[in-house]
Ligand SMILES: Cc1cc2nc3c(=O)[nH]c(=O)nc-3n(C[C@H](O)[C@H](O)[C@H](O)COP(=O)(O)OP(=O)(O)OC[C@H]3O[C@@H](n4cnc5c(N)ncnc54)[C@H](O)[C@@H]3O)c2cc1C
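Chains as they are written, first to last, in the numbering used here: chain A, 535 to 855; chain B, 42 to 288.
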């Protein structure tokens with residue numbers, strides 16, 4: 535009986551959301567008086583023993599070449615096998631694109647109940663109850679898992695990491711790896727950018743910015759802050775910005791530490807995707823804009839005047855630190 | 042070629058989120074219901090586009106839900122679904138729902154099954170992947186583009202920080218995301234025609250529920266916005282640094 539965490543690799547590196555999942559799984563193991571192990575599939579250029587810093591005691595690694603193409607079918611079988619081989623009864627994923635394709639498949643294979651989008655540690659005082667985000671961030675549900683084996687997929691940025699100096703042992707694990715059913719034709723990475731779903735800080739622009747030629751305000755501020763960029767839905771619909779930047783109820787739901795909204799009115803569908811952000815800043819020239827009701831800090835003013843001054847102030851701050 | 046599109050009923054995006062029965066159920070009073078936007082705008086409309094390109098394609102709809110989901114099923118038929126199958130039960134647990142659709146899918150022998158990437162109410166993002174495992178076929182999630190060439194699909198899917206193009210042989214389950222197609226409005230002819238299209242109702246097959254909802258709650262209200270004068274934006278930067286410790 536132990537906790538197993540699926541640690542996701544992209545381009546040979548461990549994804550940020552996976553560190554959170556590892557640390558979350560370790561906290562559950564601690565709560566249950568057991569150990570946390572990690573399963574890593576595919577080549578990784580990082581030293582996996584450092585997962586010990588996040589509370590993992592053992593890392594199981596398989597580098598079969600078929601794992602170099604992501605095929606949910608193949609991965610799910612490998613992870614289900616690893617769960618059984620390690621007699622784990624709690625399995626953790628991050629609720630990312632990869633996790634969403636895998637956790638439900640593994641759930642079926644292992645007959646293990648799944649709660650996706652978890653935002654807190656399970657409550658084991660009466661059964662096994664996991665709090666998750668529902669209604670696109672507008673509410674939470676507490677969901678009981680009834681099966682013996684349990685799967686949780688953790689929302690990115692929902693669990694704060696506590697690190698230690700421990701180190702994990704790394705072993706190779708042999709698993710049934712089926713031939714891939716998917717041929718990878720090409721990958722198109724928008725490199726350099728901070729992935730939006732995992733970003734600590736997000737700077738977002740709305741229709742109030744008038745046109746794509748003014749986006750320098752958003753991207754300059756984002757670059758200074760090491761932030762990802764986002765936008766409201768109409769901005770993506772009229773192609774001022776790419777679709778993957780669209781946040782909200784029908785776009786990506788995000789929960790960064792800081793969300794800065796510039797020229798966005800704060801429609802209910804937009805708020806649904808961003809209201810789990812820890813601190814919300816709104817810059818809007820209309821004092822009646824609904825976004826102010828959901829914000830922590832606000833400036834009622836013209837973005838074209840205010841944002842350049844903010845950029846200057848951030849430069850000063852960064853220069854003095 | 043037969044395509045099955047899974048559609049779910051969700052509250053309208055502007056619906057007030059409140060709970061009843063001691064916070065154990067969603068308060069449905071005055072709520073307008075819609076087809077889950079991902080199912081409608083992307084999965085269903087993409088399937089309709091495929092049929093427009095190849096009229097021999099057959100489009101079936103699957104829904105797990107009570108009789109009160111029929112209006113949204115009729116809307117999906119008005120948009121272009123040809124025949125619908127409703128499993129008459131509440132959709133509570135994802136595995137239970139996926140098992141019902143898997144039963145329909147096996148009977149119908151579909152080449153392609155579309156779902157939305159997730160529902161906007163439960164945000165489970167589970168049904169498509171579960172279904173693919175139950176049917177033992179490949180699954181591609183977050184598809185933004187799809188081309189069919191006989192039995193081979195070329196699918197562009199979203200990955201963290203980019204896109205990837207995958208090629209696979211059908212049958213397969215694919216979850217659809219923005220980019221696949223554009224929202225459409227049903228026309229009068231569609232609405233009239235939908236009334237006489239077949240809508241089959243069946244009782245659920247035996248399947249386990251792995252999870253159950255204990256209660257709902259709402260996030261705590263924000264304390265209130267702190268307004269900073271527009272002529273002193275540097276004050277905002279100071280507060281974000283010193284008070285919120287966010288930068
Ligand atoms: C089913 C459905 C789903 C939806 N899903 C989403 C979703 O996922 N995400 C989403 O974002 N929207 C979504 N929407 C759309 C949503 O209802 C709003 O229309 C949208 O969010 C508005 O975008 P906006 O704030 O950029 O534009 P607007 O509403 O046009 O607001 C622009 C704002 O900029 C301000 N402004 C103008 N000039 C300046 C200036 N110089 N300086 C500062 N401020 C200025 C204005 O005061 C205004 O508040 C959805 C709608 C529907 C019906």
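In this text, a Cβ means the ideal position worked out from N, Cα and C, and glycines have one as well.
In this text the structure is predicted, and so the values were computed from the model without any measurement.
Query	Result
In chain B, what lies closer than 7 Å to residue 712(A) by C-beta?	Going along chain B, no residue has its Cβ under 7 Å from residue 712(A), so there is no contact; the nearest lies around 11 Å.
Please confirm if the stretch 64-74 of chain B is in contact with the stretch 164-180 of chain B, defined as three or more CB-CB distances below 8 Å between the two stretches.	no
Mind the definition here: the stretch 833-847 of chain A touches the stretch 812-824 of chain A only if three or more C-beta pairs lie below 8 Å; say whether that holds.	yes
Three-state secondary structure (DSSP) at residue 166(B)?	coil
Please list, in chain order, all residues of the same chain as residue 42(B) whose beta carbon is under 6 Å from its beta carbon, the five residues on each side excluded.	98 and 152
Can you list every residue whose CB sits closer than 5 Å to some heavy atom of ligand 1, going in chain order?	740(A), 741(A), 742(A), 766(A), 767(A), 768(A), 782(A), 783(A), 784(A), 785(A), 797(A), 798(A), 799(A), 801(A), 803(A), 804(A), 818(A), 819(A), 820(A), 823(A), 836(A), 837(A) and 54(B)
Using a Cβ-Cβ cut-off of 8 Å, state whether residue 287(B) counts as contacting chain A.	yes
Ignoring anything shorter than 3 residues or poking outside the stretch 155-238 of chain B, list the beta strand (DSSP E) runs there in chain order.	180-190, 193-200, 203-210 and 213-217
Just checking my contact of residue 285(B) with residue 136(B) at CB under 8 Å: how many whole Å lie between their CB atoms?	So it is not a contact: roughly 41 Å between Cβ atoms.
By Cβ distance below 8 Å, which residues in the same chain neighbour residue 669(A) in space, the five residues on each side in sequence not counted?	806
Please report the Cβ distance between residue 573(A) and residue 616(A), rounded to the nearest whole angstrom; I am assuming they are in contact, meaning their Cβ atoms lie under 8 Å.	5 Å
Take residue 216(B) and list the residues in its own chain whose beta-carbon comes closer than 7 Å to its own, dropping the five residues that flank it on each side.	156, 157, 158, 169, 182, 183 and 184
Does the beta carbon of residue 759(A) come closer than 8 Å to any beta carbon on chain B?	yes
Going by the beta-carbon positions, is the gap between residue 698(A) and residue 564(A) smaller than 8 Å?	no
Could you give the DSSP three-state label for residue 101(B): helix, strand or coil?	strand
Tell me whether residue 111(B), by its Cβ, gets closer than 7 Å to a heavy atom of ligand 2.	With respect to ligand 2, the structure offers nothing, as its ligand set consists of ligand 1.
Look up residue 813(A) in the DSSP assignment and say whether it is helix, strand or coil.	strand
Which one or two residues does DSSP pair with residue 47(B) in a beta bridge?	103(B)
When you compare the CB positions of residue 695(A) and residue 540(A), do they come within less than 8 Å of one another, or not?	no
Below 7 Å CB to CB, which residues in the same chain sit around residue 559(A) once its five sequence neighbours on both sides are set aside?	537, 539, 570 and 626
Alpha carbon to alpha carbon, what distance is there between residue 581(A) and residue 599(A)?	19 Å
Taking just the CA atoms, how far does residue 840(A) sit from residue 235(B)?	53 Å
Using a C-beta to C-beta distance shorter than 7 Å, which residues of chain B count as neighbours of residue 723(A)?	202 and 203
At a cut of 8 Å, does the stretch 191-199 of chain B reach the stretch 83-94 of chain B through at least three beta carbon pairs?	no
Between which two residues does the beta strand (DSSP E) carrying residue 707(A) extend?	Residue 707(A) -> no beta strand (DSSP E), and no H or E assigned at all.
Where do the N-terminal and C-terminal ends of the beta strand (DSSP E) with residue 595(A) fall, by residue?	592-596
Assuming residue 692(A) and residue 653(A) form a contact by the criterion Cβ under 8 Å, report the distance between their Cβ atoms to the nearest whole angstrom.	4 Å
Excluding sequence positions up to five away, which residues of its chain have a Cβ less than 6 Å from the Cβ of residue 755(A)?	737 and 845
If I measure Cβ to Cβ from residue 556(A) and keep anything under 7 Å in the same chain, skipping five residues before and after, which residues do I get?	539, 541, 572, 585, 588, 589 and 590
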